[in-house]
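*Asks:* The structure under discussion is supplied below as structure tokens; questions concerning it will follow.
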Amino acid sequence: MSFARRQRTSYLVLALAVALALSACSSSTSGTTAKPSATSVAPTGNSAVALLERSRINSSAAKSVRIKGTVKNGASGASKEVTAKIDIAGDVTGKNNLVVVNDGTGVVEMLTVGGKSYRKADTAYWTKNYSAAVAKTLAGKYTLLSAASAAATGAPTVSGLLNQIFASAAGQLSTTVVKTQVNGVPAYLLTTKANDTKIYVSADGKALLLRVEGSKGQLTAWDFTEWNAVPPARAPAAAQLNKAPSK
């Protein structure tokens, strides 16, 4: 496999790990996933259904957010399970964001800014997946991806992850709503009927996502902070770039 192909494959696996974790956060008893309604008017009231729909509308309409979570990745019966830490910060549309993935053996950054996509990894990542020689050349440097490579390995966007969370929870909620707190912030706790997913939303009337926890699938926990307050990411300086862009 060529260097460029291996690079695309490695990043794609990391991106898919994030997407799969969120799509598995809630299971449907019928084997199908319900889709949220297309309404753009946030409902009132604090029933589970109203809170979820209000959260979907307000969270999706937000400008930016930071999402930090943990993904357990490994095939059933695999001898080694990998736990990856994910940190996504940026605008909801995905036009300006930074995704950092740490699987315990290496760190990869996926940066999208100004219509361009960049990738950066540490020495441990390059050495493990390629060689010490490659690591010496690329570690700590951003690589500008071609349009084709960026499309094939696109980092997960906030909007895509939000859509997966709300779609998987729609139609699966218990009617019970519990008042609680998340890191000192007043919140409402929603749970799925199977009790395998917990969704915490703010109790300030906006119902913005604060935390999502799952006991099944690959999802462990995700925290949502800095709503509408994430500073824009900047393109790498010339000195931070690898001279040979990815093909």
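Here the working numbering is used: the first residue of the sequence shown is 60, the next is one more, and so on. Virtual Cβ for every residue (Gly too), placed ideally from N, Cα, C.
#1: From Lys-178 to Met-169, what distance separates their C-alpha atoms?
#2: Can you list, in chain order, the residues of its chain with a C-beta nearer than 6 Å to that of Thr-239? Leave out the 5 residues immediately preceding and following it.
#3: For Lys-144, which residues from the same chain have a beta carbon less than 7 Å from its beta carbon, with the 5 sequence-adjacent residues on both sides left out?
#4: Here's the rule I'm using: 16 or more other beta-carbon atoms within 10 Å means buried, otherwise exposed. How should Leu-81 be labelled?
#5: Quick check on this structure: which residue in Ser-106, Gly-230, Pro-291 and Val-158 has the alpha carbon closest to the alpha carbon of Ala-253?
#6: Quick one: residues in its chain with C-beta nearer than 8 Å to the C-beta of Asp-150, no 5 flanking neighbours on either side, listed in chain order?
#7: For Ala-246, which residues does DSSP report across the bridge?
#8: Looking at the structure shown, is Gly-128 part of a helix, part of a strand, or coil, going by DSSP?
#9: Helix, strand or coil for Thr-186? Go by DSSP, reduced to three states.
#10: Can at least three beta-carbon pairs, one atom from the region 198-206 and one from the region 292-302, be found at a separation below 8 Å?
#11: Out of Val-158, Thr-182, Trp-185 and Val-241, state which residue places its alpha-carbon closest to the alpha-carbon of Lys-257.
#12: In terms of residues, what are the limits of the beta strand (DSSP E) holding Ala-198?
#13: Work out the CA separation of Ala-180 and Ala-210 for me, nearest whole Å.
#14: Have a look at the DSSP bridge pairing and note the partners of Val-158.
#15: Residues bridged to Arg-178 by DSSP?
#16: To the nearest angstrom, how far is the alpha carbon of Ala-194 from that of Thr-186?
#17: Tell me whether Ser-208 is buried or exposed, calling it buried when 16 or more other Cβ atoms sit within 10 Å of its Cβ.
#18: Taking Cβ to Cβ, would you say Ile-116 is nearer than 8 Å to Ile-147?
#19: My output table needs one value for Val-289: the three-state DSSP class, helix, strand or coil.
*Replies:* Short version:
#1: Looking at the sequence provided, one finds Arg at residue 178 rather than Lys. Cα-Cα distance, rounded: 5 Å.
#2: Excluding residues up to 5 positions away in sequence, Ala-246 and Leu-248 lie with their Cβ nearer than 6 Å to the Cβ of Thr-239 in the same chain.
#3: Residues Thr-129 and Asn-161 of the same chain have their beta carbon placed closer than 7 Å to that of Lys-144, with the five preceding and five following residues left out of the count.
#4: Model confidence at Leu-81 stands at a pLDDT of 49, short of 50, so the residue's coordinates are unreliable; what they give is reported in the following sentence. So Leu-81 counts as buried.
#5: That would be Gly-230, whose Cα lies nearest to the Cα of Ala-253.
#6: Only Lys-122, Ser-123, Asn-156, Val-217, Val-289 and Pro-291 meet the Cβ criterion.
#7: Answer is Thr-239 and Ser-261, bridged to Ala-246.
#8: Reduced to three states, the DSSP call for Gly-128 is strand.
#9: In the structure shown, Thr-186 sits in a helix (DSSP, three-state: H, G or I).
#10: With the rule of 3 Cβ pairs closer than 8 Å, the region 198-206 counts as touching the region 292-302.
#11: When each option's Cα is compared against that of Lys-257, the closest is Val-241.
#12: Taken as a continuous stretch (DSSP letters only), Ala-198 belongs to no beta strand (DSSP E), as it is neither H nor E.
#13: Taking the straight line joining both Cα atoms gives about 19 Å.
#14: DSSP lists Ile-147 and Met-169 as the beta-bridge partner residues of Val-158.
#15: Note: Arg-178 sits in a beta bridge opposite Met-169 and Thr-202.
#16: Those two C-alpha atoms are separated by around 5 Å.
#17: So Ser-208 ends up on the buried side.
#18: Against a cut-off of 8 Å, the Cβ pair of Ile-147 and Ile-116 comes out as no contact.
#19: Note: Val-289 maps to coil in three-state DSSP.
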